[in-house]
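One structure below.
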């Protein structure tokens, strides 16, 4: 028969193991939640963009905004936009700012 001290030690080890399992399960759930949030955000952006492009009159406004905001060549190519003009170098004060 195990002594009381042995039973306490075994219970403490079991508790430690269960706490580790709970931490791992919590971390996994947090990762799943973050992935779902990113997925939902991406879906919102896709749906909002599709709705804006489908709305009469907004298509031109959206394309104007994209022309101003998109700087990467591959992003601009997705919308058949011309290459972006070169950006002024940092420290170039020729624009008055």
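Residue numbers (my numbering): 631 to 727.
A virtual CB, placed ideally from N, CA and C, is assigned to each residue, including glycine.
Every value quoted in this text rests on a predicted model; they were computed, and no experiment measured them.
In the DSSP assignment, find the unbroken alpha helix (DSSP H) run with residue i in it and report its ends.
i           : result
residue 653 : 634-684
residue 711 : Premise fails: residue 711 is in no alpha helix (DSSP H) and is neither H nor E.
Would you identify the three-state DSSP class for residue i, choosing helix, strand or coil?
i           : result
residue 696 : helix
residue 719 : coil
Going by CA-CA distance only, name the one from the options that's closest to residue i.
i           : options               : result
residue 718 : 668, 701, 631 and 663 : 701
residue 679 : 648, 639 and 709      : 709
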